[in-house]
Every structure is written in structure tokens, then in C-alpha cells.
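Heads up, the sequence shown is in this note's numbering, so the first residue is 18 and it goes up one at a time.
Since the structure comes first, as C-alpha cells, the remarks are kept for the end.
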Amino acid sequence: QQNDIYRIASNGFGGAENFSRRLGDAGFDEASYREYLRHELAAQRMYAELSKAEPPSEADVRSFYEARREQLRSPETLRARHILLPAESAEDERRARNLAAQLRAGADFAALARQRSRDASAGAGGDLGYFPRGAMVPEFELVAFASAPGELAGPVRSRYGWHLIRVEEHRAAREPDEKQALAAVRTWLERQRTREAGQLGLRQLREQAHIERAERGGFPASGEALGQTSGASPPELGKVAGMTKPAMENQ
18 QQNDIYRIAS
28 NGFGGAENFS
38 RRLGDAGFDE
48 ASYREYLRHE
58 LAAQRMYAEL
68 SKAEPPSEAD
78 VRSFYEARRE
88 QLRSPETLRA
98 RHILLPAESA
108 EDERRARNLA
118 AQLRAGADFA
128 ALARQRSRDA
138 SAGAGGDLGY
148 FPRGAMVPEF
158 ELVAFASAPG
168 ELAGPVRSRY
178 GWHLIRVEEH
188 RAAREPDEKQ
198 ALAAVRTWLE
208 RQRTREAGQL
218 GLRQLREQAH
228 IERAERGGFP
238 ASGEALGQTS
248 GASPPELGKV
258 AGMTKPAMEN
268 Q
């Protein structure tokens, strides 16, 4: 495996000559880099062994799901557009009501939003996307959630100004698909248990052996000096390979 990785790395840098140059720039020669790979691969195998955990039972998955079922529900949401206008005078209110009349007479909402709205959504034709209850100011939310799709609502006044609102879609709250939700819960629990097992294993190693962090000039904790992606093992295992076997035997 070490030779395969070395060959792949060499090819990835455009051949042996370029790879050797990059190794030299990072303070390696071929022998020291192969030694680094040996330590890194041993550390990764060791961490994989430490991270082994008992998979969650069906009862564990079901219990976790039932305890968080409410959190997994899709909330009631709206997709709406709005036009935000000033509300500093009686004239501002008159203009807002006149614009509402134009919209009710068939004017293009998105076009007027781009021309007249002072909200950041103006460039998108006033489109606010989907939002749940509690995301908007109360005055806006109360009217928007009471409106039918396609209906114009307003003008509605809030601390931001006058709002003209058109609901595009109203989605009711939905229960999660149980099969998909249980599968997602199982995956999450498996990852959580693996992570906890790995952390426990590292604590045990700290108690049983002296673990050094690999520094530049020796064996780096990752191949980032060569432009490579770091391996899967934690940095503090980067130089533990020399004591891997005794440490594992002591467990």
C-alpha cells in the first residue's frame, strides 16, 4: 500500500522528477518520505481500530427518533413576495395605497418591486423565498399567513415601513418520512459512536504511551507541505506508529 501511494503521489505531480523536486522543497528525500508514509499509514490503521464501535440497535434508533420527532417535522412555511415602501408621512401611506390599487388591477408585482421596493429583495422581484412562522416581524407574519396564494395583502405597516405582500405558496407542516428519518438517525448515531470511540481510544493512549506531535523537519502530520490532502488520522497520531504494536497489546 505504501508503494502504491508513493506511485500515485509521484504521478499526481507530473512524474518522478517533479515529485522529487517538491519533496526537496518540503524537506524530504524519497527515503524520508517513504518513512513518513509508513508512520502515517500505521497511524491511520490504528485510529480506525480505535474508532470501532458497536452499531446502534433498532431500539436505540427508534428511541432517538421518537425523542426528536418534533424537531424533524417540516414546519409550516410560506413563499411570498413583498414591496417595502417608506412610512414617514401621510403622503407615503397614500402612495402605498395607490400602488396596492395598481397591483390589484393587474400590474406586474415583480416589476414594481424592482422599481419601487426599498428592501434588499427588490432585485429578485421582492421574492423572500420560503420562511416559517417567527421569521418575520409580527405585523407582516400575521397578514401573510392569513392570506391565500395569489392574493395581494396590504398595505401593512411595521417599523420598517409599508409592506405590500403577495403569497406565492403556502406549505402546511409535514411529518418526516419515517423510513428516511430512521435511516438518517442511524447514520448519525453510527458516526457519533465512531467519533466517541476514537476520542476514548486517544485518551487511553495518552495514559499508556508518550504521543508526540509530528513537526516539520521530521515526519509532518499531513502532506500539506506537498500540496496533498491530509490523511484520516488525527495529527497527534502522526508519530505514534513506532509504538503502535506495544500500545495496542497493552489494551
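Even for Gly, the Cβ is constructed at its ideal location relative to N, Cα and C.
Every value quoted in this text rests on a predicted model; they were computed, and no experiment measured them.
Three-state class that DSSP yields for Y147 in the structure shown = If DSSP states are grouped into helix, strand and coil, Y147 belongs with the strands.
Between S37, E185, P155, D109, which lies nearest to L145 when the distance is taken from Cα to Cα?
-> Nearest C-alpha to L145: E185.
Whose C-alpha, out of H187, H56, A104, is nearest the C-alpha of R174?
-> Ranked by Cα distance from R174, the options H187, H56, A104 are led by A104.
Complete runs of the beta strand (DSSP E) confined to the segment 101–170 [at least 3 residues] = With a minimum length of 3 residues, the continuous beta strand (DSSP E) runs that stay inside the segment 101–170 are 144–149.
With E11 as the anchor, note down where its beta strand (DSSP E) starts and where it stops.
-> Residue coverage of the chain in this structure runs from 18 to 268, which leaves residue 11 outside it and unanswerable.
Can you round the beta-carbon distance between Y50 and L40 to whole angstroms, since I take them to be within the 8 Å contact cut?
-> Confirmed, about 5 Å.
Bridge-paired residues (DSSP) for R191 | In DSSP, R191 forms a bridge with S91.
Any idea if S134 is buried or exposed, counting beta-carbon neighbours within 10 angstroms, 16 or more meaning buried?
-> Looking at its Cβ environment, which holds 16 or more other Cβ atoms inside 10 Å, S134 is buried.
Whole angstroms is fine: what's the gap from R176's alpha carbon to S106's?
-> Between R176 and S106, the C-alpha separation is close to 13 Å.
Closer than 8 Å to chain B by CB, K69 | As a matter of chain content, chain B is missing from the structure shown, which is built from one protein chain.
Contacts around R79, its chain only, beta-carbon distance under 8 Å, and the 5 residues preceding and following it disregarded | Here the set comprises L199.
Mind checking whether the beta-carbon of S80 lies closer than 7 Å to any heavy atom of the ligand GTP?
-> The ligand GTP is not part of the structure shown, which contains no ligands of any sort.
Assuming A270 contacts R210 (C-beta within less than 8 Å), just tell me the rounded distance between them.
-> Limits of the chain in this structure are 18 at one end and 268 at the other, which puts residue 270 out of reach.
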